[in-house]
Amino acid sequence: MKKQVCIIDDDPIYRMIASKIINIIAPPLTIHQCKNGEEGLAKLEDLKNSNHETVAFLDINMPGLNGWDVLDGISQNDFHTLSKLQIYMVSSSTDERDLLKSKQYSFVKGFLYKPLSKEDLISAIGSE
Amino acid sequence: MQLHPKEEEQLIVNKFTSKEEHFSANQFSHFLSDGKEIKVEIYFKEIKSNSNSGVIVQSNDISEVLKYIQTIEIQNEKLRSIAWTQSHEVRAPLSRILGIINMIELQPDDRDEVLFWLKQLRVSSNELDDMIKKTVHETLQIKQQ
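Written out as structure tokens, the structure reads:
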């Protein structure tokens with residue numbers, strides 16, 4: 058099964074860094090960049106029916122729909138039942154409450170702290 | 455004239471008669487002659503002379519001190535909240551700076567890449583600098599309140 062990556066984050070530099078590292082470790086994956094929660098949710102909806110496995114990196118602190126709002130949207134739309142969707146929460150804050158909250162969502166695969174290292178990304182998407 | 459609220463009065467009398475010099479909870483309400491209520495700490499000492507014996511009781515007004523403590527507690531709460539926001543906000547540019555350094559280390563020989571990331575390093579460092587200045591400013595404001 059082909060894999061694709063979805064980066065949902067309001068910080069363009071972070072998106073660029075993550076995309077570049079992914080291109081180095083696992084080319085040629087398709088990478089979708091979404092600059093806010095609304096775009097991210099729409100993109101996931103879009104990818105719902107594709108046959109590709111999707112790994113999503115979701116930032117917590119975003120203006121508008123934040124990471125938690127996106128997770129709630131995913132639950133409401135039943136995307137989380139898709140075995141092809143793997144969601145990783147990403148945050149620059151080291152507040153433990155965020156980590157604990159993410160564990161309340163059974164479909165969240167993991168929690169990653171910024172900056173994402175090469176190793177973080179390899180363990181999340183695997184190297185090709 | 456009533457000097458202390460009824461429920462406290464009995465407690466104070468008990469302490470006097472038991473001759474304990476230190477109250478475990480030494481903070482009582484005290485009514486002034488004009489009816490105003492203040493908070494006091496009470497100390498006493500038994501005095502004996504050849505002909506007489508008696509007790510010296512000293513009540514210190516601690517209303518002001520308690521008010522200061524309350525102010526300090528409010529300020530502490532504000533400082534805690536500043537610390538919380540800053541640890542969240544400050545870490546955003548900082549983690550970006552660390553990510554940029556990762557990029558430079560990944561491709562140290564690509565001159566254009568390195569120059570691009572150096573420029574980004576400056577942008578994020580300035581952002582971090584602004585945030586630290588903002589924190590200092592907010593902290594100073596609290597002191598003046």
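First to last, the protein sequences are chains A and B. Residue 184 in my numbering sits at position 127 of the first sequence, with consecutive numbering throughout. Residue 476 in my numbering sits at position 22 of the second sequence, with consecutive numbering throughout. Backbone N, C-alpha and C define an ideal beta-carbon position, used for all residues, glycine too.
Residue closest to residue i, alpha-carbon to alpha-carbon, out of the options
i, options, result
"K60 (chain A)", "A:L169, A:D135 and A:V112", "A:V112"
"Q133 (chain A)", "A:K158, A:D116, A:P85 and A:E102", "A:E102"
"Y162 (chain A)", "A:I70, A:Q143, A:P84 and A:G94", "A:Q143"
"H484 (chain B)", "B:K460, B:F498, B:S505 and B:N468", "B:K460"
"R550 (chain B)", "B:T471, B:Q574 and B:N530", "B:Q574"
"L594 (chain B)", "B:D583, B:I536, B:G553 and B:V568", "B:I536"
"D155 (chain A)", "A:D116, A:K175 and A:L173", "A:D116"
"S578 (chain B)", "B:I555, B:I528, B:I466 and B:D566", "B:I555"
"K171 (chain A)", "A:N93, A:S149, A:Y145 and A:K141", "A:S149"
Chain-ordered chain A contacts of residue i [CB-CB under 7 Å]
i, result
"M557 (chain B)", "I74 and K77"
"A546 (chain B)", "S149"
Same chain only: Cβ atoms within 6 Å of residue i, ignoring 5 sequence neighbours per side
i, result
"I64 (chain A)", "R72, A75, Q90 and F114"
"L104 (chain A)", "T111"
"D177 (chain A)", "L169"
Contact set for residue i: own chain, Cβ-Cβ below 7 Å, skip 5 residues either direction
i, result
"V179 (chain A)", "The residue asked about is misnamed: residue 179 (chain A) is Ile in this sequence, not Val. Once the five neighbours on either side are set aside, the close Cβ partners of I179 (chain A) are I82."
"I88 (chain A)", "V62, I64, S76 and I79"
Close-in-space but distant-in-sequence residues of the same chain around residue i (CB under 8 Å, 5 per side omitted)
i, result
"L572 (chain B)", "I558"
"E491 (chain B)", "S483, H484 and F485"
"I501 (chain B)", "S507, G508, V509 and I510"
"M455 (chain B)", "F485 and S487"
Amino acids of chain A, ordered along the chain, whose beta-carbon sits closer than 8 Å to that of residue i
i, result
"S541 (chain B)", "S150, T151 and D152"
"Q574 (chain B)", "I70"
Chain-ordered neighbours of residue i on chain B, where CB pairs are closer than 9 Å
i, result
"I81 (chain A)", "L560 and Q561"
Partners in chain B for residue i, counting only beta-carbon separations shorter than 8 Å
i, result
"S180 (chain A)", "Going along chain B, no residue has its Cβ under 8 Å from S180 (chain A), so there is no contact; the nearest lies around 16 Å."
"S174 (chain A)", "N556"
Interface residues of chain B facing residue i [CB-CB closer than 7 Å]
i, result
"Y71 (chain A)", "R550 and G553"
"K171 (chain A)", "S549 and G553"
Touch test, the region 514-532 of chain B against the region 113-132 of chain A, Cβ-Cβ under 8 Å, three pairs minimum: At 8 Å Cβ cutoff, the stretches do not touch.
Does the pairing of the region 555-571 of chain B with the region 155-166 of chain A give three or more beta-carbon distances under 8 Å? They do not touch, by the three-pair rule.
Are the region 573-593 of chain B and the region 527-542 of chain B touching by the rule of at least three beta carbon pairs closer than 8 Å? Contact holds: three or more Cβ-Cβ distances are below 8 Å.
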